[in-house]
Every structure is written in C-alpha cells, then in structure tokens.
Amino acid sequence: MGEERIDLDPPLPGLATKATITFLSPTQGLLGRSKPVGRAEADRAELVVTFDGRVEERELDLAGVDAYLAEVRAFQARVAAKRAANEAERRTPEEHARVRAERRAAIRPDCPHCGAAREYRGVRHLLTAGNPGGLAYADPAHWGTGMEAVHLYVCPLCGSMAWFAVGPLEHPLGT
C-alpha cells in the first residue's frame with residue numbers, strides 16, 4: 002500500500018510552521034468518515050496547515066495535492082537559493098576590518114570655511130535639555146537635563162567645530 006500521509010516541514014509557503022496531507026478513500030469508513038488510504042486508492046486529500054498555532058484545513062483533489070506539493074518545492078528551492086546567496090555574501094572578520102578602514106579613510110572632517118583638516122579633540126559630554134518645554138521656566142529644575150557624549154573635531158585655523166554622536170558602532174575617526 003502507498004503512503005497515506007505526507008508531513009511537510011518548514012520552510013513552507015505563507016510562513017506555515019507545518020503542513021500535513023492525508024489521502025482519503027472514496028468510500029465512507031466507520032461513523033461515516035473517510036478513512037486514510039494510500040495515494041493510489043485515494044480520490045481526494047485533506048490538507049492541514051499550521052500557522053504559528055492557528056490551524057487551517059481544506060480538502061483537495063489529487064491535482065490540487067500535486068499543485069500544492071509543486072508550490073512547496075518551488076518555495077523551498079527559492080529559500081535555499083536565498084540562503085546560499087546570503088552565505089556567499091557574508092563577510093569575514095578581515096573583510097569587515099578592511100571596510101572599516103576604507104570608511105575611516107574616506108571620512109574627512111575638513112573645515113567648510115577654510116578647508117583645513119579639523120583636529121580630533123576626544124569625547125566630550127554635553128548637557129542637554131531633556132524637556133525643551135521646560136525651558137520656558139526660569140528654574141533649571143524644570144529643564145529635565147541629560148548628558149550626551151559626542152566626539153569633537155576643531156579647525157586649528159578658524160576654530161569651527163564639528164560634533165559626532167557616540168553610538169553603538171565604532172566611531173570612524175576618533176580613538
């Protein structure tokens with residue numbers, strides 16, 4: 002006897018977490034229900050698809066089963082091709098270091114006023130108004146102050162400054 006049931010695992014179309022195809026007999030079994038049979042004896046099938054806890058059931062004819070299986074195979078092939086492409090594009094630590102070095106070399110904090118290269122002066126902490134609406138009050142307690150760490154660059158000729166915010170990524174110019 003042929004296979005009565007096909008269990009399909011992810012990846013599946015529609016982000017389903019599981020799908021099961023059960024082939025059913027053309028005759029009624031006990032209690033008026035169709036009984037599972039091999040594909041050769043079946044005239045239809047039941048498709049049960051699970052989407053993260055939600056279950057959908059539908060009945061398919063045998064041509065619908067073939068179409069669904071072809072859709073699953075095509076979807077899984079696309080996912081496998083995308084994973085292979087992502088793996089091929091993944092950078093090594095050496096490539097990441099090279100890209101960071103190129104980025105550092107490309108960023109020039111030159112002064113827009115006189116064209117001189119600005120000098121790095123380190124990290125500074127700026128006092129900020131956390132609640133700008135509180136600035137209407139004369140009492141600084143209403144201002145809701147905060148601290149912001151920034152990298153400072155100063156032009157040695159005219160004294161103009163450039164500030165770069167400290168973030169989760171390595172700062173490209175400062176040390």
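For what it's worth, the numbering used here labels the leading residue of the sequence shown as 2, then goes sequentially.
For glycine and all other residues, C-beta sits at the position ideal for the given N, C-alpha and C.
This structure is a prediction, so every number in the text was calculated from the model and none was measured.
Which partner residues of residue i appear in the DSSP bridge assignment?
i    : result
P37  : L25
Y121 : Y154
V49  : T21, E58
Looking at residue i: is its Cβ nearer than 8 Å to the Cβ of residue j?
i    : j    : result
L63  : A75  : no
R40  : E4   : yes
A150 : V124 : yes
P12  : Q77  : yes
L70  : L61  : no
V155 : R105 : no
In the DSSP assignment, find the unbroken alpha helix (DSSP H) run with residue i in it and report its ends.
i  : result
E4 : Careful: E4 lies outside any alpha helix (DSSP H) and carries neither H nor E.
DSSP three-state call for residue i: helix, strand or coil?
i    : result
E42  : coil
R59  : strand
G147 : strand
R92  : coil
D67  : helix
C159 : coil
L128 : strand
Can you tell me where the beta strand (DSSP E) holding residue i begins and where it ends?
i    : result
A166 : 162–166
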